[in-house]
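For reference, the structure is listed below as structure tokens.
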Amino acid sequence: MAGSYEYPDFHMGEIYGVRPDDHIPAATLHRYLTDYARHFGVFECVMFNTTVETIERGFGGWIVNTSSETGTATLSTRRLIIATGLTSTPTMPSYPGQESFDAPFFHAKDFRQCSSLGSPKDVVVVGGAKSAFDVAYAYAQAGVHVDLVIRPEGNGPVWLCPAFVTPFKRKMEELLHTRYLTWMSPTPWGDEDGFPLVRRLLHGTRIGRMIVQAFWHMLSSDIVKSNGYDDCDYPGLAPLKPWTSAFWTGSGVSIHNYDSSFFNFVKDGTIRVHTANITLLSPKKVHLSTGRVLNADALICATGWRKTPGFKFSNWDIKPRRLMAEMTDLLDAANAEILTRFPMLSSQPLLRAQVQKSDPLLLYRFMIPPSLWEDRSLAFAGMVSSVSTSTCASLQGLWISAYFDDKLDRTPFDDADAVREAVINSQWGKWRYPCGYGGEVADLAFDSLPYFDLLMRDLGLENHRKGSFVAEIVKPYKPWDYRQVVTEWIRAHSIKTSSAF
Numbered sequence: 002m003a004g005s006y007e008y009p010d011f012h013m014g015e016i017y018g019v020r021p022d023d024h025i026p027a028a029t030l031h032r033y034l035t036d037y038a039r040h041f042g043v044f045e046c047v048m049f050n051t052t053v054e055t056i057e058r059g060f061g062g063w064i065v066n067t068s069s070e071t072g073t074a075t076l077s078t079r080r081l082i083i084a085t086g087l088t089s090t091p092t093m094p095s096y097p098g099q100e101s102f103d104a105p106f107f108h109a110k111d112f113r114q115c116s117s118l119g120s121p122k123d124v125v126v127v128g129g130a131k132s133a134f135d136v137a138y139a140y141a142q143a144g145v146h147v148d149l150v151i152r153p154e155g156n157g158p159v160w161l162c163p164a165f166v167t168p169f170k171r172k173m174e175e176l177l178h179t180r181y182l183t184w185m186s187p188t189p190w191g192d193e194d195g196f197p198l199v200r201r202l203l204h205g206t207r208i209g210r211m212i213v214q215a216f217w218h219m220l221s222s223d224i225v226k227s228n229g230y231d232d233c234d235y236p237g238l239a240p241l242k243p244w245t246s247a248f249w250t251g252s253g254v255s256i257h258n259y260d261s262s263f264f265n266f267v268k269d270g271t272i273r274v275h276t277a278n279i280t281l282l283s284p285k286k287v288h289l290s291t292g293r294v295l296n297a298d299a300l301i302c303a304t305g306w307r308k309t310p311g312f313k314f315s316n317w318d319i320k321p322r323r324l325m326a327e328m329t330d331l332l333d334a335a336n337a338e339i340l341t342r343f344p345m346l347s348s349q350p351l352l353r354a355q356v357q358k359s360d361p362l363l364l365y366r367f368m369i370p371p372s373l374w375e376d377r378s379l380a381f382a383g384m385v386s387s388v389s390t391s392t393c394a395s396l397q398g399l400w401i402s403a404y405f406d407d408k409l410d411r412t413p414f415d416d417a418d419a420v421r422e423a424v425i426n427s428q429w430g431k432w433r434y435p436c437g438y439g440g441e442v443a444d445l446a447f448d449s450l451p452y453f454d455l456l457m458r459d460l461g462l463e464n465h466r467k468g469s470f471v472a473e474i475v476k477p478y479k480p481w482d483y484r485q486v487v488t489e490w491i492r493a494h495s496i497k498t499s500s501a502f
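The sequence shown begins at 2 in our numbering and counts up one residue at a time.
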């Protein structure tokens with residue numbers, strides 16, 4: 002909504018035509034991001050339509066090899082920030098018979114470039130995440146019949162929350178950034194918020210865990226009731242009911258931001274939901290494991306993204322291999338610490354999906370490869386799936402700048418300390434969000450605000466920004482609460498510099 006998705010240092014004002022409590026249209030957000038880039042001089046530095054092919058470790062820095070329509074180019078740099086994020090390279094399935102499908106077959110990322118919107122009679126959308134719902138809704142709104150196919154062995158349909166939830170009708174996006182509600186999520190860096198005793202009571206005692214479980218039950222039940230998943234009058238809604246508690250989902254928890262009700266299209270049959278696998282494609286037909294054959298003038302796969310950069314490091318291992326015995330000891334120690342501190346996480350949900358063995362990228366503070374900490378030449382920005390994208394990007398940007406200049410107020414004791422933290426946080430993700438992205442990347446929902454506390458304290462800045470104790474606890478954090486952080490850091494750094502002489 003307006004006021005929640007903007008950079009702290011660039012207000013999305015009235016000129017963008019978005020009123021309070023309005024959802025931000027895509028075209029408006031594109032205009033805003035373009036204005037932001039121009040305002041800060043970034044736009045002129047962008048090499049558009051250019052692909053990074055390989056990156057090499059060079060003497061004292063990095064060599065970036067690129068290609069474009071005009072040819073190839075090589076860039077040399079002392080410092081490199083990988084900011085490709087988590088939605089650059091789509092994951093595209095393949096199906097038997099797809100060569101004879103004879104209809105548009107593409108990933109959801111290409112949806113807006115597809116000229117088929119409004120022309121087909123029937124389309125099939127594959128996936129259960131928010132992007133699948135977005136595509137299905139857009140077609141349904143255009144009068145197209147949609148079959149939404151969700152794999153039975155996946156993570157199931159997304160938690161699609163109303164904009165306002167709980168009996169108190171609070172904005173869902175504000176709940177995620179309200180201090181006292183962040184206490185309901187067991188988080189390794191949670192104590193950074195300055196309330197360690199509260200967190201220990203909630204997650205380290207039986208009665209505390211009962212309170213936490215009651216909160217998540219109330220939140221999940223409110224969403225189920227509001228969306229009508231158990232409404233016997235509309236059985237078509239039942240396949241959209243999430244398979245596990247919202248507690249285990251992470252940033253995949255989404256908000257209903259459509260102009261009209263998505264669920265009304267399901268009720269009237271415009272959108273029909275199937276829990277099935279696709280077994281075969283034939284000319285304009287999609288065959289399901291249930292035996293059903295669907296008419297399909299287009300097949301759109303909202304099947305997610307690869308969580309690693311789409312280029313290769315040619316002479317440096319992005320995931321350095323440690324001795325198996327050493328890594329086993331690190332993992333065992335991390336698991337023991339996590340489950341001792343957060344016993345709730347030992348009661349994992351029953352998953353339909355087969356747990357894939359993952360090899361996540363280990364990063365200190367989710368940004369820095371521990372092996373290169375002292376080198377100060379490489380950082381990863383945006384390798385976090387967060388419900389607070391714009392604020393996270395801003396704080397990570399400042400943190401990385403301070404890190405490159407060796408001006409963070411807190412640093413790991415040594416490489417081993419950085420590795421230990423990276424392993425603990427990586428393993429925490431696997432235990433905390435098995436129904437989300439936790440096994441692959443940092444997945445933050447109610448954990449985002451404490452993560453910002455962590456970065457702010459690394460920078461030597463005040464993380465409590467509400468002005469009073471009560472406001473700090475109950476008022477939701479917004480991007481504008483961090484509007485002055487760059488100025489504050491420069492001022493604090495100047496004081497420290499002058500006092501040294």
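Even for Gly, the Cβ is constructed at its ideal location relative to N, Cα and C.
As the structure is a computational prediction, the values presented were derived from the model and not from experiment.
Does DSSP put residue i in a helix, in a strand, or in coil?
| i | result |
| --- | --- |
| His204 | helix |
| Glu338 | helix |
| Phe165 | strand |
| Thr183 | helix |
| Val471 | helix |
| His288 | strand |
| Pro91 | strand |
| Tyr37 | helix |
| Phe502 | Caution is warranted here: a pLDDT of 30 is assigned to Phe502, below 50, making its placement in the model unreliable, and no coordinate value can be reported. |
| Ser333 | Checking the sequence, you will find Asp at residue 333 rather than Ser. Here Asp333 sits in helix by DSSP. |
| Lys313 | strand |
| Arg210 | helix |
| Tyr230 | coil |
| Ala443 | strand |
| Trp400 | helix |
| Leu351 | coil |
| Tyr96 | coil |
Would residue i be called buried (16 or more neighbouring beta carbons within 10 Å of its own) or exposed?
| i | result |
| --- | --- |
| Ser68 | exposed |
| Glu422 | buried |
| Asp194 | buried |
| Cys288 | Reading off the sequence, residue 288 comes out as His, not Cys. By the neighbour-count rule (16 or more Cβ atoms within 10 Å), His288 is buried. |
| Glu375 | exposed |
| Ser500 | For Ser500, the predicted model reports a pLDDT of 39, less than 50, meaning its position is unreliable; a value from the coordinates is still stated below. Answer is exposed; the Cβ neighbour count stays below 16. |
| Gly4 | buried |
| His275 | buried |
| Tyr8 | buried |
| Phe447 | buried |
| Glu15 | exposed |
| Tyr181 | exposed |
| Ser77 | exposed |
Among all the DSSP beta bridges, which residues are the ones paired with residue i?
| i | result |
| --- | --- |
| Val150 | Val127 and His275 |
| Val294 | His288 |
| Ile517 | Shown here, the chain extends from 2 to 502; a query on residue 517 therefore has no answer. |
| Ala74 | Thr67 |
| Gly62 | Gly59 |
| Pro477 | Thr179 |
| Arg576 | The structure shown has nothing for residue 576, since the chain only spans 2 to 502. |
| Tyr365 | Ile369 |
At the level of alpha carbons, what is the spacing between residue i and residue j?
| i | j | result |
| --- | --- | --- |
| Pro243 | Val254 | 10 Å |
| Phe396 | Phe134 | One point to set straight first is that residue 396 is Leu, not Phe, in the sequence displayed. C-alpha separation (whole angstroms): 31 Å. |
| Trp306 | Val127 | 14 Å |
| Ser186 | Ser283 | 47 Å |
| Thr52 | Val487 | 31 Å |
| Lys479 | Thr412 | 27 Å |
| Val424 | Pro189 | 12 Å |
| Ser89 | Lys131 | 17 Å |
| Pro451 | Val124 | 42 Å |
| Ile279 | Trp490 | 54 Å |
| Glu338 | Leu362 | 20 Å |
| Val145 | Leu300 | 13 Å |
| Pro121 | Val385 | 37 Å |
| Gln428 | Asp444 | 12 Å |
| His204 | Asp23 | 36 Å |
| Trp184 | Leu177 | 11 Å |
| said: Can you confirm whether the region 458-472 touches the region 389-405 when touching is taken to mean that 3 or more C-beta pairs between the two stretches lie within less than 8 Å? | reply: yes
| field | contact_flag[the region 148-161, the region 250-265] where n(CB pairs < 8 Å) is 3 or more | value | yes
| query | Hey, is the region 256-271 in contact with the region 235-242, meaning 3+ C-beta pairs nearer than 8 Å? | reply | In short, these stretches touch, since the Cβ pair count reaches three.
| query | Quick check: the region 377-390 against the region 79-86, are there 3 or more CB pairs under 8 Å? | reply | yes
| request: Would you check if the region 165-181 and the region 206-226 touch, i.e. whether three or more CB-CB distances between them fall below 8 Å? | output: yes
| Okay, do the region 53-68 and the region 294-314 touch, 3+ Cβ pairs below 8 Å being the bar? | Taking one beta carbon from each stretch, the region 53-68 and the region 294-314 have 3 or more pairs nearer than 8 Å; the two touch.
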